[in-house]
Amino acid sequence: MSPARNTAQAKPAKAPSGGRPSSASAGSERRACPELRQRAQKGYEALFKLLEKAGRQDFIQSLGERRRVDDVLGDLPETVPALLNMVWELRESPQFRPFFLAKDGGGEAVVQDRQTPIAPCGRTYNEVMRAHLMGATRIYLDRMERAWAEKEAKREAKRHAKEEAQERKSIGGRISVATRKLISGEKTFDAREFREYYPGHGVYLIIKPHLREEWQFSMVRAYARLRAAQAEALGGLLRFFRTPEELEPVLALKSADISVLRGVSRAYAETRLGVPVAKPGQRGKITQAQQRKLDEMEPEIAALESRTFESLVTEHATGLKEVLKQGANVDATIRRLTPIFGDGLWTLFDEPERLRNVMNVPEHVAPALGHLTQHIPPPVSRVLEQINNRELGRDIMVFAAEEFPDEETFARICNDPKRLKIWQTIPAKFNNSFNYQADAQSGQGSIKNAEDLRMVCAGLFESLRKGELEKLG
């Protein structure tokens with residue numbers, strides 16, 4: 005049964021799934037400029053009369069019975085830019101001229117651009133547009149929260165009534181119910197008590213700094229679906245999603261997943277732009293000159309991070325899932341693979357089999373083969389791991405790439421099951437019987453150099469070409 009306060013108002017028995025308690029004022033904010041609100045209302049009334057006079061039924065019908073600016077902002081946020089732009093175009097007309105007098109124009113001149121401060125508030129028209137965007141977002145999100153809270157209050161009241169009815173079935177229960185009501189009164193369920201448990205409670209204040217562009221009016225309804233933790237994880241990346249369809253995949257992500265993807269995007273951006281990564285134990289040892297360089301690069305890094313996050317979420321659904329599967333070491337994986345695959349990295353994650361190939365290639369071989377590692381299956385990688393001399397194993401694969409320069413051919417000889425038995429002969433051929441040093445001088449006893457290895461590999465490559473095992477040179 006829900007706990008009752010002395011006032012006999014009942015709080016929710018527990019926070020609904022996904023909610024987070026916070027202060028009662030955390031979810032909304034009132035306008036800081038009442039005068040702007042009054043002027044906006046007067047301007048809207050003048051525009052509505054003008055639309056009626058002009059017979060613009062398209063606008064009149066869409067606005068319906070809404071005669072208050074707040075109702076338009078809260079019900080039809082996507083229509084606000086059209087109305088504001090219409091007023092801007094009519095600023096020289098007698099009805100709207102008083103709303104567009106320049107602050108420094110002696111009360112006579114009408115502003116001619118959207119960056120000139122308007123009297124008396126001193127805001128530019130772009131700032132007025134942004135104020136309406138923030139207002140529309142605040143009102144719409146607040147209404148969604150109120151509706152949710154009212155529904156939850158009714159649900160909780162219904163649940164409480166059902167519990168109480170069950171309790172009344174016994175004599176002791178009836179006495180208990182009567183005693184509680186005598187002491188505390190009838191329990192009521194105030195919707196305001198539920199608001200702090202709304203999953204989106206506080207979202208407006210989180211995203212407010214990122215509400216800047218006119219096109220964001222069309223995103224208000226989508227923003228209302230964000231959970232507070234998601235909004236916090238997204239931060240400024242919110243503005244890189246310009247349509248509800250683009251934001252849709254983000255809404256399906258957990259806040260922890262968003263944080264992981266931001267970290268991955270940052271790792272990719274830093275690696276692509278050549279930002280040095282501090283090694284363990286080197287923190288705090290960066291020079292002032294290096295720090296200045298990093299500070300100068302930060303805008304470029306942040307921009308690439310944002311583009312990467314957007315691309316990953318909107319264009320690489322499979323790759324996104326694979327990134328999240330990588331676990332705690334995913335940042336290190338991104339930093340290792342980015343120099344090899346560059347812009348094609350996320351396409352690699354879109355194809356898990358190729359990614360698996362890359363991840364299994366021994367680290368001493370991978371840098372020498374670069375993007376060809378995507379074609380080396382795990383069985384061949386296991387063969388390479390079995391070669392005692394790591395330099396020798398690496399050079400065999402380098403020579404193979406040179407022997408089969410066509411990428412499709414190289415992929416075929418690595419992945420053909422019939423050729424696997426040829427690959428599997430390599431460790432026994434070279435381990436303990438081929439003393440290898442790539443740069444050794446010719447004729448130095450038992451030590452074999454790179455040219456010697458090429459000669460021996462000629463037979464191996466011929467076998468791989470034919471798909472039949474032959475005696476290796």
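For the sequence shown, my numbering puts the final residue at 477, and the numbers step up evenly by one.
Where a beta carbon is used, it is the ideal one built from N, C-alpha and C, also for glycine.
Just so we're clear, the structure is a prediction, and the values are computed from it rather than from any experiment.
Please return the same chain residues whose Cβ sits closer than 6 Å to the Cβ of residue i, not counting the five positions on each side in sequence.
i	result
A372	R398 and V402
P431	Q390 and I391
A235	V207, I210 and I211
E82	F221 and S222
P253	V317
Would you kindly check if the distance between the Cβ of residue j and the Cβ of residue i is under 8 Å?
i	j	result
R339	A273	no
E154	A195	yes
D354	H320	yes
V518	R127	It is not possible to answer for residue 518, since the shown part of the chain is limited to 5 through 477.
L137	L215	yes
I262	A226	no
L468	I417	yes
E77	V84	Sequence check: residue 77 is Leu here, not Glu. In contact: L77 and V84 (Cβ atoms closer than 8 Å).
V73	Q45	yes
R231	P203	yes
G471	R423	yes
L40	A135	yes
N439	I451	yes
R172	R178	yes
N364	Q378	no
S385	P366	yes
Suppose the cutoff is 8 Å on Cβ atoms and the five residues either side in sequence are ignored; what does the same chain contact list for residue i look like?
i	result
L316	L265, V268, S269, G323, L324, V327 and W350
Q294	P280
E56	I64
L186	none
Between the Cα of residue i and the Cα atoms of the options, which residue gives the shortest distance?
i	options	result
R142	V224, N89, A151 and V114	V224
R276	R394, H136 and P343	P343
T318	G463, F244, S259 and I179	F244
L145	S188, P356, C125 and L209	L209
S222	F434, R246, Y440 and K46	R246
A233	A256, P248 and E218	A256
E250	N130, F313 and N439	F313
W219	R360, R229 and L242	L242
L80	L54, A140 and I175	A140
P382	E407, P409 and Q428	Q428
R229	A307, Q292, E217 and E149	E149
N89	H205, D117, E112 and V362	D117
G240	H205, M301 and L308	L308
E156	G449, F193, Y48 and I122	F193
M459	G449, E407 and N419	E407
Looking only at its own chain, which residues have a Cβ that is under 7 Å from the Cβ of residue i, when we skip the five neighbours before and after it?
i	result
F345	L352 and H375
A405	L373, L376 and F414
Q330	T337
R43	F103
A442	E395, D399, N453 and A454
Along the alpha helix (DSSP H) that carries residue i, what are the first and last residues, could you check?
i	result
L105	Element bounds for L105: n/a, residue is neither H nor E.
F100	F100 -> no alpha helix (DSSP H), and no H or E assigned at all.
R423	P421 to W427
S385	P382 to E389
V369	It is not in any alpha helix (DSSP H) - V369 carries neither H nor E in the DSSP assignment.
S467	A454 to K470
N89	V84 to E93
E326	A321 to K329
P343	V334 to F345
E407	R394 to E407
Let me check you understand the geometry: is the CB of residue i closer than 7 Å to at least one non-hydrogen atom of the ligand GDP?
i	result
M363	Although the ligand GDP was asked about, the structure shown includes no ligands whatsoever.
Next item on the list: Can you check the stretch 54-80 for any alpha helix (DSSP H) of at least 4 residues that lies completely inside it and give the ranges in chain order?
Entry: 61-67 and 73-79
Margin query: Extract the residue ranges of the alpha helix (DSSP H) inside the stretch 179-222, only unbroken runs of 4 or more that lie entirely within it.
Written below: 207-211
Notebook entry, point to check: In the stretch 238-304, which residue ranges form an unbroken alpha helix (DSSP H) of at least 4 residues, counting only runs that do not cross its ends?
Noted result: 248-255 and 259-276
Next item on the list: Scan the stretch 108-139 and note each continuous alpha helix (DSSP H) run of 4 residues or more that stays entirely inside, going in chain order.
Entry: none
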